[in-house]
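I have placed the structure first, in the form of structure tokens, so that the comments after it can refer back to it.
2 protein chains.
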Amino acid sequence: MHLLRSFGLAASLLLAGAVHADDLLALARARFQPIPDTPPALPGNPATPAKVELGRMLYFDPRVSASRPGSCNSCHNVGLGGVDGKEAVIGHSWQQGGRNTPTIFNAVFNTARFWDGRAQDVEEQAGGSRFNPIELALPQAELSEQLATIPGYAAAFAAAFPGEPAPVTLANAQKAIAVFGATLITPDAPFDKYLRGDASALTATQKEGLQLFMSKGCAECHNGINLGGNMYAPFGILERPGADVLPRADKGRFMVTETVGDQYVFKVPTLRNIALTAPYFHSGRAWDLGQSVGVMAASQIGAPVNAEEVQKITSFLESLTGEQARIVYPILPPSVAAAQRPEP
Amino acid sequence: MHLLRSFGLAASLLLAGAVHADDLLALARARFQPIPDTPPALPGNPATPAKVELGRMLYFDPRVSASRPGSCNSCHNVGLGGVDGKEAVIGHSWQQGGRNTPTIFNAVFNTARFWDGRAQDVEEQAGGSRFNPIELALPQAELSEQLATIPGYAAAFAAAFPGEPAPVTLANAQKAIAVFGATLITPDAPFDKYLRGDASALTATQKEGLQLFMSKGCAECHNGINLGGNMYAPFGILERPGADVLPRADKGRFMVTETVGDQYVFKVPTLRNIALTAPYFHSGRAWDLGQSVGVMAASQIGAPVNAEEVQKITSFLESLTGEQARIVYPILPPSVAAAQRPEP
Numbered sequence: 090m091h092l093l094r095s096f097g098l099a100a101s102l103l104l105a106g107a108v109h110a111d112d113l114l115a116l117a118r119a120r121f122q123p124i125p126d127t128p129p130a131l132p133g134n135p136a137t138p139a140k141v142e143l144g145r146m147l148y149f150d151p152r153v154s155a156s157r158p159g160s161c162n163s164c165h166n167v168g169l170g171g172v173d174g175k176e177a178v179i180g181h182s183w184q185q186g187g188r189n190t191p192t193i194f195n196a197v198f199n200t201a202r203f204w205d206g207r208a209q210d211v212e213e214q215a216g217g218s219r220f221n222p223i224e225l226a227l228p229q230a231e232l233s234e235q236l237a238t239i240p241g242y243a244a245a246f247a248a249a250f251p252g253e254p255a256p257v258t259l260a261n262a263q264k265a266i267a268v269f270g271a272t273l274i275t276p277d278a279p280f281d282k283y284l285r286g287d288a289s290a291l292t293a294t295q296k297e298g299l300q301l302f303m304s305k306g307c308a309e310c311h312n313g314i315n316l317g318g319n320m321y322a323p324f325g326i327l328e329r330p331g332a333d334v335l336p337r338a339d340k341g342r343f344m345v346t347e348t349v350g351d352q353y354v355f356k357v358p359t360l361r362n363i364a365l366t367a368p369y370f371h372s373g374r375a376w377d378l379g380q381s382v383g384v385m386a387a388s389q390i391g392a393p394v395n396a397e398e399v400q401k402i403t404s405f406l407e408s409l410t411g412e413q414a415r416i417v418y419p420i421l422p423p424s425v426a427a428a429q430r431p432e433p
Numbered sequence: 090m091h092l093l094r095s096f097g098l099a100a101s102l103l104l105a106g107a108v109h110a111d112d113l114l115a116l117a118r119a120r121f122q123p124i125p126d127t128p129p130a131l132p133g134n135p136a137t138p139a140k141v142e143l144g145r146m147l148y149f150d151p152r153v154s155a156s157r158p159g160s161c162n163s164c165h166n167v168g169l170g171g172v173d174g175k176e177a178v179i180g181h182s183w184q185q186g187g188r189n190t191p192t193i194f195n196a197v198f199n200t201a202r203f204w205d206g207r208a209q210d211v212e213e214q215a216g217g218s219r220f221n222p223i224e225l226a227l228p229q230a231e232l233s234e235q236l237a238t239i240p241g242y243a244a245a246f247a248a249a250f251p252g253e254p255a256p257v258t259l260a261n262a263q264k265a266i267a268v269f270g271a272t273l274i275t276p277d278a279p280f281d282k283y284l285r286g287d288a289s290a291l292t293a294t295q296k297e298g299l300q301l302f303m304s305k306g307c308a309e310c311h312n313g314i315n316l317g318g319n320m321y322a323p324f325g326i327l328e329r330p331g332a333d334v335l336p337r338a339d340k341g342r343f344m345v346t347e348t349v350g351d352q353y354v355f356k357v358p359t360l361r362n363i364a365l366t367a368p369y370f371h372s373g374r375a376w377d378l379g380q381s382v383g384v385m386a387a388s389q390i391g392a393p394v395n396a397e398e399v400q401k402i403t404s405f406l407e408s409l410t411g412e413q414a415r416i417v418y419p420i421l422p423p424s425v426a427a428a429q430r431p432e433p
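Chains as they are written, first to last, in our numbering: chain A, 90 to 433; chain B, 90 to 433.
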């Protein structure tokens, strides 16, 4: 009820033009939440230092891929905003993937997973790319086999999953990667400080951008803690973008649900750290943030947005860049002579 | 003179069988030196914190490769003993490289660079793989152009090379990577502690292995601080190994010098951290350390080495595993819309 009333208040206030500073904050707080300082707990998968450490090792280990070309970090690069800076993945045997890599940062707060929602939770998602035949391409049964050939992992799994008689399993590897992934949150963006009450954390332009972001309707989909990541939407509600941005062969969530209404439906992506994660959209075809705001305005919200407004909204989006964790590169347990070999 | 006298002493003592503990240490000290605790200075390329930091960024940045498939760390993985755990590199467009990746750890102490000695110094080597058409495949002229499109690098280069009017150059990038690479040393291996006087740092078996390593002639080539890395030698001095280990098409240093005597001549690799860096030889075809010792004995030294001796030498080689640096993954400066795009 409170939320609904706030939204009603928002509509009338925002349509009336410039709003009072306190009202803007109240409107923002009704739609968005700050990133917490500590990683959230995962249901049924409690974090322990040993489990996070194991997850960190697996995240950076290229040996649990078919031909050892890369690891989770190759595409979800913790030094590059959690992405790879490419339109789409280049995977096993130099195959071209079809979609842009979403950021790992704050992904734990998403409720929609992958661009098409094909995973139920972060643990399932943690295995997805590893087994995708055009990504890391590891046959699923081989992951625990590969790990079992590396003696140092036996101790690491035993410490992470104490009391289990045979802890080196695919399910446990995914749990460990998921708890490490949950540590990759970026608190203390200027917008978070603003939401917590520091009015000086946003510039005047960014505040105008925030107001436009809400009044133009962007926040109807990009809301919550991640400003996105919690729903799906058709790309082209009002006007279908060109095939350069929306390639016609990729029908999005339709390919998972086979429901006609899901054609060209994709996850609404998070806008957290968006200034770090070009190129944009599921197709990765837009390299300019302002240009992408323009595409969204035309295709999704139908409200005219002029160049000055695009600039203000873009300036607001830049306030969503948070503090990144300093990750120590793991020293991985060595392979032994008996270990399985990478595929050619 | 002192060295020569020591070697003369060695020959007579070692051929006589078991040597006194003090004599073994004296013999070892005449041939080997411990890894220092701090990185060595590079001539004409002084290290500063800003230059090391820039080098760390470039080492992990996949954007300075043709299609952004990887970085220096993709093959010289600081979590995997400084190597990739593969027979040979898989590079740009999934091309297969011909030789095994040498470890970056302690590479600064090598005087022979690459398997065939084609680089003069660590700075030249730092550019080699990046521009190799079957490795990272970046056209040489594009490196500084790519870096110049990333605004954050302007400040990092200016801090690393103060006073230079246009510091974003290929030469400076190579200097920075070289000083970062020089930090990747692994002191305090058990053998280093032994060389410094801690007689208990090696097991009895390892000491027997050390004695065999010297008496059988291994140390004629694998000597110095890196137990290798300071000379070239024909692979197959006494008996040419099979084509499985020595593929006939790769004629080694001959391809650089075009001198007949350099056919099948390769760098004598370091044995530092050898237990972490399987597979072995320039061809990467041997996965077992003991098996590799046997191949060396047959092809290089001509002294019969039985299974027990191989086991003792292998045990000694395991004492060459040092302490690895904890590397913090760099947060890389973001690209901007104007930046150049990766190649497909």
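Quick reminder that beta carbons are idealized off the backbone N, C-alpha and C, glycines included.
- Task: Verify the CB distance criterion: does Tyr369 of chain A have a CB-CB separation below 8 angstroms to chain B?
- Result: no
- Message: With a threshold of 8 angstroms, are at least 3 pairs of Cβ atoms found where one atom belongs to the region 106–121 of chain A and the other to the region 284–299 of chain A?
- Response: yes
- Query: Which residues, in order along the region 394–417 of chain B, keep a beta-carbon less than 7 angstroms from a beta-carbon of chain A?
  - Reply: Gln413, Arg415, Ile416, Val417
- Just the C-alpha distance for Ile416 of chain B and Thr346 of chain A, rounded to the nearest angstrom, thanks. 44 angstroms
- Anticipated Cβ contact below 8 angstroms, Ala208 of chain B with Asn319 of chain B, distance rounded: Contact flag wrong, Cβ pair sits at about 15 angstroms.
- Task: Quick one: which residues of the region 164–177 of chain B get their C-beta closer than 9 angstroms to a C-beta of chain A? List them in chain order.
- Result: So the close ones are Asn166, Val167, Gly168, Leu169, Gly170, Asp173, Gly174, Lys175, Glu176.
- Item | Length of the line joining the Cα atoms of Phe370 of chain A and Gly270 of chain A | 22 angstroms
- Query: Can you give the beta carbon distance from Thr275 of chain A to Gly411 of chain A, rounded, assuming they're within the 8 angstroms contact cut?
  - Reply: 3 angstroms
- Item | Under the three-state DSSP convention, the category Gly298 of chain A falls into | helix
- With respect to the alpha helix (DSSP H) encompassing Pro240 of chain A, which residues constitute its N-terminal and C-terminal limits? 240–249
- Message: Please tell me whether Ala249 of chain A has its Cβ less than 8 angstroms away from any Cβ of chain E.
- Response: Although the question refers to chain E, the structure presented lacks it and instead comprises the protein chains A and B.
- Message: Suppose the cutoff is 7 angstroms on Cβ atoms and the five residues either side in sequence are ignored; what does the same chain contact list for Gly206 of chain B look like?
- Response: So the list reads Tyr321, Arg342, Val345, Lys356, once near-sequence residues are dropped.
- Message: On the CB-based measure, 16 or more other CB atoms within 10 Å of its CB, does Leu51 of chain B come out buried or exposed?
- Response: Given a span of 90 to 433 for chain B in the structure shown, any question on residue 51 of chain B remains unanswerable.
- Query: Quick one: what's got a C-beta closer than 6 angstroms to Ser95 of chain B's C-beta in the same chain, skipping five residues either side?
  - Reply: Since pLDDT at Ser95 of chain B reaches only 45, below the 50 mark, its modelled position is unreliable, and the value read off the structure follows with that caveat. Excluding residues within five positions, the ones whose Cβ falls inside 6 angstroms are Ala119.
- Query: What span of residues does the alpha helix (DSSP H) with Tyr148 of chain B cover, start to end?
  - Reply: 138–149
- Using the DSSP secondary-structure output, state which residues sit across from Pro323 of chain A in a beta bridge. A:Val354
- Item | Delimiting residues of the alpha helix (DSSP H) encompassing Lys456 of chain B | In the structure as shown, chain B starts at 90 and stops at 433, and residue 456 of chain B therefore has no counterpart that could be examined.
- Could you have a look at Val345 of chain A and say whether DSSP puts it in helix, strand or coil? helix
- Among A:Gln413, A:Pro138, A:Ala392, which residue has its Cα nearest to the Cα of Ile266 of chain A? A:Pro138
- Query: Just to confirm, are Ser163 of chain A and Pro279 of chain A a CB contact at a threshold of 8 angstroms?
  - Reply: Ser163 of chain A places its beta carbon 8 angstroms or farther from that of Pro279 of chain A.
- Query: How big is the Cα-Cα spacing for Trp376 of chain B and Leu365 of chain B?
  - Reply: 11 angstroms
- Query: How would you call Leu350 of chain A, buried or exposed, if buried means at least 16 neighbouring beta carbons within 10 angstroms?
  - Reply: For the sequence presented, residue 350 of chain A should be read as Gly rather than Leu. Exposed, since its Cβ has fewer than 16 Cβ neighbours within 10 Å.
- Message: With H, G and I counted as helix, E and B as strand and the rest as coil, what does DSSP make of Val384 of chain A?
- Response: helix
- May I have the straight-line CA-CA distance separating Leu304 of chain B from Cys310 of chain B, to the nearest angstrom? The sequence shown places Ser at residue 304 of chain B, not Leu. Going from the Cα of Ser304 of chain B to the Cα of Cys310 of chain B covers about 13 angstroms.
- Query: Of all the options B:Ala130, B:Asn166, B:Ala196, which has the alpha carbon lying nearest to the alpha carbon of Leu56 of chain B?
  - Reply: Outside the shown range of chain B, which is 90 to 433, sits residue 56 of chain B, and nothing can be said about it.
- Can you give me the Cβ contacts of Ser381 of chain B inside the same chain, cut-off strictly under 6 angstroms, excluding the 5 residues immediately before and after it? Tyr369, Ala375
- Compare the C-beta of Asp372 of chain A with all C-beta atoms of chain B and state if any pair is closer than 8 angstroms. The question names Asp, but residue 372 of chain A in the sequence shown is Ser. With a threshold of 8 angstroms between beta carbons, Ser372 of chain A makes no contact with chain B.
- CA-to-CA distance, Pro251 of chain A to Leu93 of chain A, given in whole angstroms: Only weak support is given to the placement of Leu93 of chain A: the predicted model assigns it a pLDDT of 40, under 50, and the question is left unresolved by the model.
- Find the nearest neighbour of Arg145 of chain A within the set A:Ser424, A:Ala414, A:Val425, judged by alpha-carbon distance. A:Ala414
- Query: At a Cβ threshold of 8 angstroms, is Ala271 of chain B touching chain A?
  - Reply: no
- Message: When you compare the CB of Ser424 of chain A with every CB in chain B, is at least one pair closer than 8 angstroms?
- Response: Answer yes: the Cβ-Cβ gap between Ser424 of chain A and chain B drops below 8 angstroms somewhere.
- Item | Residues of its chain near Gly241 of chain A, where Cβ-Cβ distance is below 8 angstroms and the 5 sequence neighbours each way are ignored | Leu421, Pro422, Pro423
- Would you say the beta carbon of Leu114 of chain B comes nearer than 7 angstroms to a heavy atom of the ligand COA? No copy of the ligand COA occurs in the structure displayed, which carries no ligand at all.
- Item | Residue-chain proximity (Ile266 of chain A, chain B), Cβ-Cβ < 8 angstroms | Output row for Ile266 of chain A: interface = no.
- Message: Distance cutoff 8 angstroms, beta carbons only. Does Leu421 of chain A sit that close to anything in chain B?
- Response: yes
- Task: For Ala364 of chain B, go through chain A and note every residue whose CB falls closer than 7 angstroms to its CB, in chain order.
- Result: Pro423
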